[in-house]
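In my numbering, the protein residues as written are 12 to 349.
Here a beta-carbon is modelled for each residue, glycine too, at the ideal position from N, C-alpha and C.
Model, not experiment: these values are computed from the prediction.
First comes the structure, then the notes that go with it.
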């Protein structure tokens, strides 16, 4: 290991013997983050209410289940949150509802879990543990249809679905609690995150997981529109590194950062790569369903130059490598996710 890589890894020492709470901890990103935190010597508390169809899965923590504490609790339960946040050093606040379509069909539920829940958590921290460091996971969906590319943090906020509106509000509660109360909060706006332990049961959690499932099942993948819509991608390990670097830094407090990938692919090219790796599956183009066309953001890719400048973060895993790792995982563990 070179001296520069040793210095780059120094942030990991921050979490040794620290109490770290992960909301949504039995879900996709939360469980991957928990595995890394355990390896870093953290005392890990996973909080998840296991809402059906949201991706929480006990199998996600197989192998570390005896090394973490699990509390099945809802962020909307103020009494539980008032108790759980006491004595915690870091909170990675990953809980929420991510389905854009579900937010349109059940907007009040989306409001509950993406706004009210986070306000309750923040109030619990303000009253019981105002020194805790909180990293929130936002979304690039808040930008809506980009006015320019690549999208930076100064881009106008123009969400085109209920989920985008609510996620933006949840994010800004965190920033307001920094500005008003001096709490150490920050937000990372995620793009298409993929990897082992994704929700695979249905197609409402994003196209990446569903396309992977269809390819592995040798099914025909349907791509809406002309398939030329451009996207960027992040492998989950890279996202976890960004979360940990943000948690370990005091330079991020009160700030918002885009994540993003070095590779930008059209949906057709992404699908062709996926089919080639899986050695199965096919695809066809179909017209956009009207309800989906209304909330489609067309082309999107962002710049992560701000987080690279401040934290030295940039994605390391190529899309092809990440997809191979993901497919290998599901070939072994399919029964626990299908």
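Take residue 334, set aside five residues on each side of it, and the residues of its chain with a beta-carbon closer than 8 angstroms to its own are 205, 223, 284, 285 and 288, in chain order. By the Cβ rule, the stretch 65-72 counts as touching the stretch 27-45, because three or more pairs are nearer than 8 angstroms. Residue 232 holds the alpha-carbon nearest to the alpha-carbon of residue 294 among 97, 232 and 349. Less than 8 angstroms separates the beta-carbon of residue 189 from that of residue 264. Nearest to residue 170 by C-alpha distance, out of 136, 115 and 217, is 115. In the DSSP assignment, residue 101 is bridged to 31 and 144. Here residue 128 is near residue 87, since their CB atoms are less than 8 angstroms apart. For residue 79, there is no enclosing beta strand (DSSP E), as DSSP marks it with neither H nor E. Sequence-distant partners of residue 112 (beyond 5 residues in either direction) whose C-beta falls short of 6 angstroms from its own C-beta, in its chain, are 215. The Cβ atoms of residue 240 and residue 309 lie closer than 8 angstroms to each other.
Here residue 272 is buried, its C-beta having at least 16 other C-beta atoms within 10 Å. Counting the other Cβ atoms within 10 Å of the Cβ of residue 248 gives 16 or more, which makes it buried.
Cβ-Cβ separation between residue 217 and residue 203: approximately 7 angstroms, consistent with a contact (criterion under 8 angstroms). Bridge partners of residue 241 according to DSSP: 277. Contact annotation: the stretch 93-107 touches the stretch 137-149, with at least three C-beta pairs closer than 8 angstroms. If you look at residue 231, you'll find it in the beta strand (DSSP E) that goes 231-235. Residue pairing by DSSP places residue 246 opposite 205 in a beta bridge.
Taking each of 316, 258, 259 and 236 in turn and checking the Cα distance to residue 277, the smallest one comes out for 236. In the three-state DSSP reduction, residue 316 falls in the helix class (H, G or I). A Cβ-Cβ contact shorter than 8 angstroms links residue 121 with residue 173.
Under the three-state reduction of DSSP, residue 266 is assigned to strand.
When DSSP states are grouped into helix, strand and coil, residue 215 belongs to the coil group. Judged by pairs of C-beta atoms under 8 angstroms, the stretch 315-335 does not touch the stretch 133-145, as fewer than three such pairs exist.
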